[in-house]
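821 is the number that the numbering used here gives the last residue of the sequence shown; the numbers go up by one with no jumps. Yeah, the Cβ is synthetic: ideal placement off N, Cα and C, and Gly gets one too.
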Amino acid sequence: MGILDGKVAIITGGAKGMGEAHVRKFVEEGAKVVVADLDVASGNKLADELGGDALFVELDVTDTSSWEAAVQQTKAAFGTVDVLVNNAGIAGPIVGLLEVGEDLYRSIMDVNLAGTFFGMQAVLPTMVENGKGSIVNISSLAGMRYDTTVNPAYSASKFAIRGFTKQAAFEFGKHDIRVNAVMPGAIMTPLTRASLSEEAIASVSKHIPAKRFADSSEVSEAVVFLASDKASYINGVDLVVDGGKGAINQDILGAE
Ligand SMILES: NC(=O)c1ccc[n+]([C@@H]2O[C@H](COP(=O)([O-])OP(=O)(O)OC[C@H]3O[C@@H](n4cnc5c(N)ncnc54)[C@H](O)[C@@H]3O)[C@@H](O)[C@H]2O)c1
């Protein structure tokens with residue numbers, strides 16, 4: 566018996582990193598999961614490993630027709646959609662505001678922000694029809710305060726995700742649909758390794774009360790909880806999973 570028994574979930578960016586950890590945990594907890602990602606090779610490999618409980622569907626979250634097809638494929642395979650985890654995201658380099666060029670700005674907003682928005686629009690009609698559903702939007706601690714490890718476009722996209730999470734929570738609460746955000750702090754994933762040097766990782770760790778980056782699976786526990794009926798009265802929240810990093814008033818790294 567798992568806490569997601571009988572549920573059907575779409576997890577974007579599910580082929581790698583935190584998304585992969587969420588896929589594994591959802592299956593462990595009894596869900597049928599669509600691994601929705603641009604990365605066909607990694608996505609298929611993961612779904613094959615998990616057998617009949619998982620299906621890979623190629624999805625570009627920035628494209629509304631791709632979303633339409635993904636929801637159709639999910640329904641054809643598993644009957645419906647109960648849960649959406651909007652996890653796909655890109656970070657770009659750690660640069661200042663003046664160094665964020667137009668292309669970088671637009672691609673971050675497109676994937677992180679428009680991708681999450683289109684995902685909600687794609688699944689909400691089915692959830693309304695079902696009279697139930699849970700959407701978990703992956704924001705970031707950098708969507709709550711200044712953060713030295715990201716660029717300002719990334720931070721803005723993650724702040725904005727919280728805005729439409731709360732708007733949707735209000736609008737769809739009457740249909741028993743909950744829409745919440747998760748704010749991971751420093752998590753060790755391919756995205757982290759690509760953007761931070763070993764030195765930077767050590768320096769950031771020093772200033773986290775937990776003194777370490779999290780394993781992706783530690784974020785999955787929070788995502789599974791919000792997706793499950795155990796969170797039946799939790800709607801419109803920002804759930805921070807950061808080892809205490811955000812408890813520090815100011816990012817003291819910035820002062821160094
Ligand atoms: N790593 C961290 O420390 C951290 C902290 C806070 C928030 N986050 C957020 O968590 C989420 C996952 O991060 P991660 O570190 O696991 O990233 P990652 O780069 O390891 O994985 C991201 C996945 O998203 C997929 N993807 C990218 N663009 C896509 C698109 N257009 N359509 C579909 N899939 C696409 C990639 O193929 C990849 O599989 C992101 O939203 C990120 O912003 C990460």
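Between which two residues does the beta strand (DSSP E) containing residue i stretch?
i	result
GLU623	619-623
LEU649	648-651
SER699	698-703
VAL598	597-602
What residue from the options has the CA that sits closest to residue i's CA?
i	options	result
ASN651	LYS640, ALA792, ILE799 and THR714	ALA792
PHE643	ARG758, ILE568, VAL573 and GLU764	VAL573
MET753	ALA746, GLN732 and LEU761	LEU761
TYR798	ARG743, LEU804 and SER782	ARG743
ILE773	GLY809, SER631, VAL802 and ALA796	GLY809
LEU669	LEU663, GLY657 and LEU678	GLY657
LEU706	PRO749, VAL598, THR757 and VAL788	PRO749
ARG727	MET685, ASP602 and ALA641	MET685
THR577	GLU593, ALA596 and ASP604	ASP604
THR645	ALA765, PHE735, LYS610 and LYS597	LYS597
THR629	GLY579, GLU614 and PHE683	PHE683
SER782	LYS590, LYS581 and LEU689	LYS590
Bridge partners of residue i, per DSSP?
i	result
VAL665	In DSSP, VAL665 forms no bridge with anything.
ILE752	ALA779
ALA746	ASN702 and ASP803
ILE576	VAL600 and VAL650
Quick one: grab the DSSP three-state call for residue i.
i	result
ASP826	Any question about residue 826 goes unanswered here, given that the chain covers just 566 to 821.
GLY808	coil
MET709	coil
GLU660	Note that residue 660 is Val in the sequence shown here, rather than Glu. In this structure, VAL660 counts as coil in the three-state DSSP scheme.
GLY582	helix
ILE773	coil
ALA820	Here ALA820 scores only 42 on pLDDT, less than 50, and its place in the model should not be relied on; the value that follows carries that caveat. Correct three-state label for ALA820: helix.
ILE655	coil
THR645	coil
VAL784	helix
ILE766	helix
ILE813	coil
THR714	coil
What's the call for residue i, buried or exposed, on a 16-neighbour Cβ count within 10 Å?
i	result
TYR719	buried
MET566	exposed
LEU569	buried
GLY571	exposed
On the DSSP letters alone, give me the boundaries of the alpha helix (DSSP H) that residue i sits inside.
i	result
ASN695	680-695
LEU611	605-615
GLU736	717-737
Counting only beta-carbon atoms, is residue i nearer than 8 Å to chain B?
i	result
GLU585	Considering every chain present, this structure includes no chain B. It has just one protein chain.
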